[in-house]
Amino acid sequence: MKVHHLTGYIQSIYLVEYPHGLLLLDGCCRADVTMLSEFIEQDLQRPLSDLKTLIVTHMHPDHAGAAHKLRQLTGCVIVSADKPQQWYRGFNGLLMHWIDMALTVFVARKLKKPWKNVFYSRKLKPDVKAKEGNQVPHFPDWVLLETPGHTDRDLSVLHKEENRVYVADLMIKLKRGFIAPFPVFHPNQYRQSLRRIKQLTPTKIMLAHGGMLQMQDVDFNHMMNEMIEQAPKLPRTPLRASLLKIKRVMGKIDTDKDNKL
53 MKVHHLTGYI QSIYLVEYPH GLLLLDGCCR ADVTMLSEFI EQDLQRPLSD LKTLIVTHMH
113 PDHAGAAHKL RQLTGCVIVS ADKPQQWYRG FNGLLMHWID MALTVFVARK LKKPWKNVFY
173 SRKLKPDVKA KEGNQVPHFP DWVLLETPGH TDRDLSVLHK EENRVYVADL MIKLKRGFIA
233 PFPVFHPNQY RQSLRRIKQL TPTKIMLAHG GMLQMQDVDF NHMMNEMIEQ APKLPRTPLR
293 ASLLKIKRVM GKIDTDKDNK L
């Protein structure tokens, strides 16, 4: 087994190579399809049909955006969490889908990346709906963990033998340290998911935003305890953030009026 760590449009990509096939640990951005295809065919010298399984850890644009297109190109199996409803459902879901795509473009511009098409279907059509502890199709040495909080359907992917885990957006690594993702729709579940990863005491943690962490290079228990302690106690969602911003603006307007009087 060899894990290739690639730089995607706004996130890290982890492509796992075996003699019998390739496993993609997340669904990437729509903008990553060409780069990923070229890497498989040119760098690895393998046909696209060698991509056997693709996991969608959750439905955000940098984790699900390339899934349908890659299945069309490769014939791979798409695996996602076993949920009865789509994440982006109804009018609110439609609005949130467009907001998330706009945020993806915004982050790309902050990273000085050129504009690329990030549009993708808000309705995922997986081949396999997975539950806690299920083995990854074609790659039974990897198992799926339910680690919700960021959304209601987040998955992490654990390699049992090496005890390395891909956690998607469960934590974000910045220069100043580790922070919770935005949004966090379910704060109680989010803290429980952090505790779940802490209990694993993994040798390596693979982040969608922050690269691959070697646990001997960090004080793992301190890092996780700090993450759990600082995790949001209330939901942090685009709607709540917008309302708080409006409230601050209105408060500033009222203060300015009082000062003028």
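Numbering (this note's numbering), first residue to last: 53 to 313.
Each residue gets a CB set at the ideal place from its N, CA and C atoms; glycine is no exception.
Under the three-state DSSP convention, the category residue i falls into
| i | result |
| --- | --- |
| I62 | coil |
| V131 | strand |
| R288 | strand |
| M258 | strand |
| Q137 | coil |
| W167 | coil |
| P192 | strand |
| R82 | helix |
Whole-angstrom distance between residue j and residue i, CA atom to CA atom
| i | j | result |
| --- | --- | --- |
| K309 | V236 | Residue placement at K309 is poorly supported in this model, since its pLDDT is 49, which falls under 50; the coordinates still yield a value, given next. Approximately 35 Å between the Cα atoms of the pair. |
| P178 | A283 | 31 Å |
| T255 | M276 | 14 Å |
| H110 | S245 | 14 Å |
| A260 | K285 | 23 Å |
| V217 | F191 | 14 Å |
| P290 | V159 | 15 Å |
| E93 | S132 | 26 Å |
| R243 | M267 | 20 Å |
Anticipated Cβ contact below 8 Å, residue i with residue j, distance rounded
| i | j | result |
| --- | --- | --- |
| E69 | L100 | Contact flag wrong, Cβ pair sits at about 14 Å. |
| G73 | D102 | 5 Å |
C-beta contact flag for residue i and residue j at 7 Å
| i | j | result |
| --- | --- | --- |
| P233 | H211 | no |
| P200 | Q241 | yes |
| S208 | V195 | no |
| C128 | T105 | yes |
| A116 | V170 | no |
| Y61 | L77 | no |
| S64 | G263 | yes |
Close Cβ partners of residue i (< 6 Å) along its chain, the five nearest in sequence each way excluded
| i | result |
| --- | --- |
| R174 | Y140, H149 |
| L265 | I257 |
| V85 | A118, K121 |
| L58 | I65 |
| N215 | P254, T255 |
Own chain, CB closer than 7 Å to residue i, minus 5 neighbours either side, in chain order
| i | result |
| --- | --- |
| V55 | Y66, V68 |
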